[in-house]
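Step one of this worksheet: look at the structure below.
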Amino acid sequence: MIDQFLWVIFPYLCVAVFVVGHIWRYRIDQFGWTAKSSEFIEKKQLMIGSILFHFSVIPVFFGHLVGLLIPARWLEAIGVTEHLYHIGAVYVGGFFGVVMLIGMIILTFRRITKTSVRRLSSASDITVNILLLFITFIGVYATLVTNAVVTDFDYRASISVWLRGLLIFSPDANLMTDVPLTFKIHVLTGFLIFALWPATRLVHAWSLPFNYLGRSYVVYRRNR
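Here the sequence shown stands for residues 20 to 243, numbered as in my numbering.
Structural data, given as structure tokens:
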């Protein structure tokens with residue numbers, strides 16, 4: 020029953036909250052669909068942390084997509100061997116994971132230790148920062164440490180197959196039974212952040228300023 024809840028019910032609940040929560044948030048709180056800026060309070064740490072985080076989160080995201088959604092035999096069919104994939108996943112993925120971790124450490128440290136920034140932050144802001152920091156840390160640890168210690172574990176034969184089963188509404192909880200604990204924690208906290216997403220500042224990720232590309236120039240004139 021625990022396995023069925025963790026690896027079948029819980030992921031679907033998180034996805035349902037993610038979808039329904041965004042619809043609800045957009046309908047009742049369009050003017051709050053943003054992230055409160057604290058740049059005017061402290062700029063240096065925010066700039067460094069944000070650059071490191073946003074620079075690395077995109078390759079990390081696409082690396083997860085390739086590793087989890089594309090079957091190994093498909094990659095082998097186009098010439099991506101197991102050895103080549105391992106190099107990309109561990110070394111390239113590990114590099115961007117570490118960069119992302121450093122960025123999250125800076126951003127979380129800033130939000131907690133800077134008194135003015137902490138006062139401006141809501142409980143959800145701090146929760147999201149800490150949770151993202153933990154997810155990034157446990158992901159890096161699983162990639163660089165667990166993979167090196169548990170050499171016979173292949174997440175593409177377990178986690179990837181399980182996730183693709185979820186997507187086609189045919190999940191098999193047994194596939195997650197022998198998965199190392201660090202990977203299990205990374206997966207569960209990853210789904211948890213999706214559930215929290217609609218109620219936090221993370222919704223600003225969908226607010227891409229495309230209208231800025233076609234807007235008129237703003238003309239400034241000196242006041243004499």
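Backbone N, C-alpha and C define an ideal beta-carbon position, used for all residues, glycine too.
N-terminal and C-terminal residue of the alpha helix (DSSP H) that E101 is part of: Reading the sequence shown from its first residue, position 82 is the one you call residue 101. DSSP places E101 inside the alpha helix (DSSP H), whose first and last residues are E101 to I106.
Between which two residues does the alpha helix (DSSP H) holding H205 run? As a first step, residue 205 is located in the sequence shown; it is residue number 186 there, counting from the start. H205 -> alpha helix (DSSP H) spans L200 to L215.
What number of angstroms, rounded off, separates the C-alpha of I145 from the C-alpha of L120? Within the sequence shown, numbered from 1, the residue matching residue 145 stands at position 126. Within the sequence shown, numbered from 1, the residue matching residue 120 stands at position 101. Cα to Cα, I145 sits roughly 16 Å from L120.
Is P90 buried or exposed, if buried means 16 or more other CB atoms sit within 10 Å of its CB? By one-based count along the sequence shown, residue 90 stands at place 71. By the neighbour-count rule (16 or more Cβ atoms within 10 Å), P90 is not buried but exposed.
Taking 7 Å as the cut-off, decide whether the C-beta atoms of V79 and F115 are in contact. Residue mapping note: residue 79 aligns to position 60 of the sequence shown, counting from 1. Residue mapping note: residue 115 aligns to position 96 of the sequence shown, counting from 1. Yes, they are a contact pair.
Are S140 and R130 closer than 7 Å when you measure CB to CB? Position 121 of the sequence shown, counted from the first residue, corresponds to residue 140. Position 111 of the sequence shown, counted from the first residue, corresponds to residue 130. S140 places its beta carbon less than 7 Å from that of R130.
For the region 113 to 195, list the alpha helix (DSSP H) runs that are entirely contained and at least 4 residues long, ordered along the chain. 134 to 139, 142 to 160 and 178 to 186
With DSSP collapsed to three states, give me the class of A240. Along the sequence shown, read from residue 1 onward, the residue named residue 240 stands at position 221. For clarity, residue 240 is Arg in the given sequence; the question names Ala instead. Coil at R240, not helix or strand.
Would the region 98 to 114 count as touching the region 206 to 220 if we require 3 or more Cβ pairs under 8 Å? no
Per DSSP, what kind of secondary structure is S226 in: helix, strand or coil? In the sequence shown, the residue the question calls residue 226 occupies position 207. Correct three-state label for S226: coil.
Going by DSSP, what residue range makes up the alpha helix (DSSP H) through K62? Taking the sequence shown and counting its residues from 1, one reaches residue 62 at position 43. That residue, K62, is in no alpha helix (DSSP H); it is neither H nor E in DSSP.
Considering only the beta carbon of each residue, do R27 and P190 sit closer than 7 Å? In the sequence shown, the residue the question calls residue 27 occupies position 8. In the sequence shown, the residue the question calls residue 190 occupies position 171. According to the sequence provided, residue 27 is Val. The question's Arg does not apply to it. The answer is yes: Cβ separation under 7 Å.
Report the three-state DSSP secondary structure of P30 (helix, strand or coil). The residue you call residue 30 lines up with position 11 of the sequence shown. Reduced to three states, the DSSP call for P30 is helix.
D22, DSSP secondary structure in three states: Here residue 22 corresponds to residue number 3 of the sequence shown, with the count starting at 1. Helix, per DSSP.
Assign A167 to one of two classes, buried (16 or more other C-beta atoms within 10 Å of its C-beta) or exposed (fewer than that). Stepping through the sequence shown from its first residue, residue 167 is reached at position 148. By the neighbour-count rule (16 or more Cβ atoms within 10 Å), A167 is not buried but exposed.
Would the beta-carbon of C33 fall within 7 Å of that of F172? Your numbering for residue 33 matches position 14 in the sequence shown. Your numbering for residue 172 matches position 153 in the sequence shown. No, Cβ-Cβ distance for C33 and F172 is not below 7 Å.
Rounded to whole angstroms, what's the CA-CA distance from I282 to T155? Just pull it up for me. Outside the modelled stretch of the chain, which goes from 20 to 243, sits residue 282, for which no answer is possible.
If we ignore side chains and look at the alpha-carbon of each, how far apart do E61 and I42 end up? The residue labelled residue 61 in the question sits at position 42 within the sequence shown. The residue labelled residue 42 in the question sits at position 23 within the sequence shown. Answer to the nearest angstrom: the Cα atoms are 33 Å apart.
If the criterion is Cβ atoms closer than 7 Å, does the pair G68 and G122 meet it? In the sequence shown, counting from the first residue as 1, residue 68 sits at position 49. In the sequence shown, counting from the first residue as 1, residue 122 sits at position 103. Cβ atoms of G68 and G122: closer than 7 Å.
Considering just the uninterrupted stretch of the alpha helix (DSSP H) at L94, what are its terminal residues? Mapped onto the sequence shown, residue 94 falls at position 75. Element bounds for L94: A91 to A96.
Looking at Q23 and A218, is the spacing between their C-beta atoms short of 7 Å? One-based indexing of the sequence shown puts residue 218 at position 199. One-based indexing of the sequence shown puts residue 23 at position 4. Against a cut-off of 7 Å, the Cβ pair of Q23 and A218 comes out as no contact.
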